[in-house]
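Number of protein chains: 2
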Amino acid sequence: MRHLRIFEMIRHVARAGSIRRAAEDMNITSSALTRQIQRFEAEFGGPIFERLPKGVRLNPAGELLMQHIRTQVSDLERVRGQVADLSGERRGHVAIACSQAVNPIFLPREVARYRKAHPRVTFSIRVRDRAQAERDLGQFATDLAIVFEPVYLVDFEVIRAVEQPVAAVLSASHPLAGQEILRLRDCLAHPHVVPSVEYGVRHLLEKATRGRSLNLNPVIEADSFELMRQYVLYEDVISFQIPIGVVPPVDPRLVIRPIDPADIGPGLLLIGQLRGRTLPVATAKFAQQVADALGAR
Amino acid sequence: MRHLRIFEMIRHVARAGSIRRAAEDMNITSSALTRQIQRFEAEFGGPIFERLPKGVRLNPAGELLMQHIRTQVSDLERVRGQVADLSGERRGHVAIACSQAVNPIFLPREVARYRKAHPRVTFSIRVRDRAQAERDLGQFATDLAIVFEPVYLVDFEVIRAVEQPVAAVLSASHPLAGQEILRLRDCLAHPHVVPSVEYGVRHLLEKATRGRSLNLNPVIEADSFELMRQYVLYEDVISFQIPIGVVPPVDPRLVIRPIDPADIGPGLLLIGQLRGRTLPVATAKFAQQVADALGAR
DNA sequence: GCCTGGTGCTGCATTTTATGCAGCACATTG
DNA sequence: CAATGTGCTGCATAAAATGCAGCACCAGGC
Chain P
0 MRHLRIFEMI RHVARAGSIR RAAEDMNITS SALTRQIQRF EAEFGGPIFE
50 RLPKGVRLNP AGELLMQHIR TQVSDLERVR GQVADLSGER RGHVAIACSQ
100 AVNPIFLPRE VARYRKAHPR VTFSIRVRDR AQAERDLGQF ATDLAIVFEP
150 VYLVDFEVIR AVEQPVAAVL SASHPLAGQE ILRLRDCLAH PHVVPSVEYG
200 VRHLLEKATR GRSLNLNPVI EADSFELMRQ YVLYEDVISF QIPIGVVPPV
250 DPRLVIRPID PADIGPGLLL IGQLRGRTLP VATAKFAQQV ADALGAR
Chain Z
0 MRHLRIFEMI RHVARAGSIR RAAEDMNITS SALTRQIQRF EAEFGGPIFE
50 RLPKGVRLNP AGELLMQHIR TQVSDLERVR GQVADLSGER RGHVAIACSQ
100 AVNPIFLPRE VARYRKAHPR VTFSIRVRDR AQAERDLGQF ATDLAIVFEP
150 VYLVDFEVIR AVEQPVAAVL SASHPLAGQE ILRLRDCLAH PHVVPSVEYG
200 VRHLLEKATR GRSLNLNPVI EADSFELMRQ YVLYEDVISF QIPIGVVPPV
250 DPRLVIRPID PADIGPGLLL IGQLRGRTLP VATAKFAQQV ADALGAR
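In structure tokens:
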């Protein structure tokens, strides 16, 4: 798309923070790039970069323009998807940010199901913590986000929400493994591992302990649910996560136990998009499929 | 804005319905235009126009693209307005479609008031019937619409609504001129002039007469409120319009009389925009000013 | 204080792209 | 069946973008 070339240039320069480096990235000379930027600024009616001794940086006007560029590019993609759609075959690209909890099985299964029906649709999936996932949406880095207990919710438009209780993961040989429902107090009395602060499960744990005579004293704090799940096999610790993240053919040495809802309330797993955006056809359809799948659980 | 040139070309071709004529409009040769269109179609991934023996016409893909083009152009304008805004001076352009009734004094006064505060803001005002006003919004021909009794209301986002009763305009020498409040039946018993069907006042009159033993028998049906208002000076007829359209230093030979609300309900005068759009700064401010002025009445 | 390495910018030659001119094939119309 | 109007295309030219080399500037290190 030739007319987007100047935008591409601006994006490269903004990202590289230097015209010369951006020029290298694009395999052109810096003089060509400099002049294109200058010409654009002249047409635009003012500078969009501020010149620093060590390079350039977007000024406020540039930031505004950058937002416009992002929407423009993404919208054009959407139009092309729609066009491909009315010529029969669904084509397109779906960019998702999802929390780690959703990663292991739910999302792969849904993507596979969708791609079986529409093989020409491609996907990009980024595992992000909830704050970053929302930020990506705003910058059009992704079209869809699946997050647990989102942080800001401004500009986040919920497509579907489902409750997810926090469950305990422990070894079958753990002293508490025999109980059907665990009390949070009992869990915390044993050695436990918890997710790091940027995750929703941790947030719920903090909320549940705050004000009561409960304290988190994690032996391990990690940002990998996979790691924490595995770790309980090596030491008698209790790990926490949400049911959707548990791979169904559960390792027989593992036990998943719900925690008494009176101790810790459920969190919300949300699928959503940037507020007010019109999603590409492929993305919208996929969102609907995922929403239905979530609702059916 | 050089990168919008191809869009400009497409717009011209779509409007002219012929590449050669569009080329003339743009003062270039048809060959140049042909090739640009072809190049774009190749990049886009498919034809945008269907070639007919007598010219070209947008195909469905082209229609989709056209919508994209309109939003992008208008959005870029918005960004430039915002940028001008943060450099201190408010600049921009406000495009309004308004119904004829609002035309004579209300709108000029508001525009003048706004321009006094922000002299660098320019205006374009189109007088449109209510259906056309809504259509213009959708095609980004205007940013704002002030309409009486809108038709569709899909994609129309109301900024403010005020009730406007229908009033009778008649000569001071008219037999009914002595009454403070007129009954619709009495009005229609006398010769009367009514607006043509595309106007909201007519719509309300139709609604008020339907089902009752009342009939419209206009001696004149016109699409100019100005004309109808003037006409009552030459013949003893009754004309109808809404208060906001009446110029305050009323001609002493004219009388405005309310019609009994039991006979004919008030209509809604709405100011609104295209649903979901982010208005340019200047336009948003002006809309707010007008909304406040309407609310204060 | 003076290099060194980095920045953005600019004059000139070159390459690439866009445009204009003339003419083609085709379809509709009188 | 000619006349008119359409989109399209080969070739020459005009315009724009790019590459090359070098400028002035600034921060950091010796």
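So the protein lines, in turn, are chains P and Z.
The first sequence lines up with residues 0 to 296 when you count with numbering that gives the first Met the number 0.
The second sequence lines up with residues 0 to 296 when you count with numbering that gives the first Met the number 0.
The beta carbon of each residue, even a glycine, is placed where N, CA and C say it ideally should be.
What you are looking at is a predicted structure, and each value in this text was computed from that prediction instead of being measured.
Closer than 7 Å by beta-carbon distance: list the chain Z residues that pair up with residue i, in chain order.
| i | result |
| --- | --- |
| Leu63(P) | Val78, Gln81 and Val82 |
| Gln71(P) | Gln71 |
Let me confirm a value: residue i is counted as buried when at least 16 other C-beta atoms fall within 10 Å, else exposed. Which label applies?
| i | result |
| --- | --- |
| Tyr198(Z) | buried |
| Ile180(P) | exposed |
| Ala130(P) | exposed |
| Asp291(P) | exposed |
| Thr282(Z) | buried |
| Leu253(P) | buried |
| Pro59(P) | exposed |
| Arg79(Z) | buried |
| Ser98(Z) | buried |
| Asp262(Z) | buried |
| Arg228(Z) | buried |
| Val196(P) | exposed |
| Gln318(P) | One cannot answer for residue 318(P) here, as it falls past the ends of chain P, which runs 0 to 296. |
| Glu109(P) | buried |
| Val231(P) | buried |
| Val12(P) | buried |
| Lys284(Z) | buried |
| Ala94(Z) | buried |
| Gly271(Z) | buried |
| Arg112(Z) | exposed |
Under 8 Å Cβ to Cβ from residue i, same chain only, skipping five residues before and after it: list those, please.
| i | result |
| --- | --- |
| Asp336(Z) | Residue 336(Z) lies beyond the range of chain Z shown here (0 to 296); nothing can be said about it. |
| Leu213(Z) | Leu183, Arg184, Leu187 and Ala207 |
| Ser298(P) | Look at the range of chain P in this structure, 0 to 296, and you will see that residue 298(P) is not part of it. |
| Arg209(Z) | none |
| Gly137(Z) | Asp154 and Leu273 |
| Val157(P) | Leu269, Ile270 and Gly271 |
Which chain P residues sit within Cβ distance under 8 Å of residue i?
| i | result |
| --- | --- |
| Asp74(Z) | His67, Thr70 and Gln71 |
| Met0(Z) | Glu42 and Phe43 |
If residue i sits next to residue j, beta carbons under 8 Å apart, how far is it from one beta carbon to the other, in whole angstroms?
| i | j | result |
| --- | --- | --- |
| Pro150(Z) | Glu162(Z) | Per the sequence shown, residue 150(Z) should be read as Val rather than Pro. At roughly 18 Å, the Cβ-Cβ gap does not stay under 8 Å, so Val150(Z) and Glu162(Z) are not in contact. |
| Ile47(Z) | Ala167(Z) | With 8 Å as the limit, Ile47(Z) and Ala167(Z) do not qualify as a contact, their Cβ atoms being about 53 Å apart. |
| Phe105(Z) | Ile243(Z) | 5 Å |
| Ile255(P) | Phe147(P) | No, Ile255(P) and Phe147(P) are not in contact; Cβ-Cβ is about 17 Å, not under 8 Å. |
| Met0(P) | Leu57(P) | At roughly 22 Å, the Cβ-Cβ gap does not stay under 8 Å, so Met0(P) and Leu57(P) are not in contact. |
| Leu273(Z) | Ala286(Z) | Not really, about 12 Å apart at Cβ, beyond 8 Å. |
| Gln81(P) | Leu63(Z) | 5 Å |
| Phe224(Z) | Ala22(Z) | The pair is not a contact, with the Cβ atoms about 42 Å apart (cut-off 8 Å). |
| Tyr86(P) | Phe139(P) | Checking the sequence, you will find Ser at residue 86(P) rather than Tyr. At roughly 25 Å, the Cβ-Cβ gap does not stay under 8 Å, so Ser86(P) and Phe139(P) are not in contact. |
Name the chain P residues whose beta carbon is nearer than 7 Å to that of residue i?
| i | result |
| --- | --- |
| Gly275(Z) | Gly275 |
Looking only at its own chain, which residues have a Cβ that is under 6 Å from the Cβ of residue i, when we skip the five neighbours before and after it?
| i | result |
| --- | --- |
| Arg90(P) | Ala83 and Arg119 |
| His173(P) | Asp235 |
| Asn102(P) | Val126 |
| Ala160(Z) | Leu267 and Leu269 |
| Asp222(Z) | Ser195 |
| Ala19(P) | One detail in the question is off: residue 19(P) reads as Arg in this sequence, not Ala. Ser29. |
| Ile237(P) | Ala167, Leu169, Cys186, His189 and His191 |
| Thr121(P) | His92 |
| Ser123(Z) | Ala94 |
| Arg114(P) | none |
Excluding five sequence neighbours on each side, which residues of the same chain lie with their C-beta closer than 7 Å to the C-beta of residue i?
| i | result |
| --- | --- |
| Val193(P) | Arg201, Leu204, Leu215, Pro217, Glu220 and Phe239 |
| Pro260(P) | Pro164 |
| Ala15(P) | Ala21 and Asp24 |
| Pro265(Z) | Glu162, Gln163 and Pro164 |
Could you tell me whether any non-hydrogen atom of the ligand ZN is closer than 8 Å to the CB of residue i?
| i | result |
| --- | --- |
| Phe122(P) | No copy of the ligand ZN occurs in the structure displayed, which carries no ligand at all. |
*asked:* Short of 8 Å Cβ to Cβ, which residues in the region 43 to 57 of chain Z face chain P?
replied: Phe43, Gly44 and Gly45
*With 9 Å as the C-beta to C-beta threshold (strictly closer), list the residues of the region 85 to 108 of chain P near chain Z in chain order.*
Leu85 and Ser86
*Residues of the region 5 to 38 of chain P with a CB closer than 8 Å to any CB of chain Z: list them in chain order, please.*
Along the region 5 to 38 of chain P, going in chain order, the ones with a CB nearer than 8 Å to a CB of chain Z are Ile5, Phe6 and Arg38.
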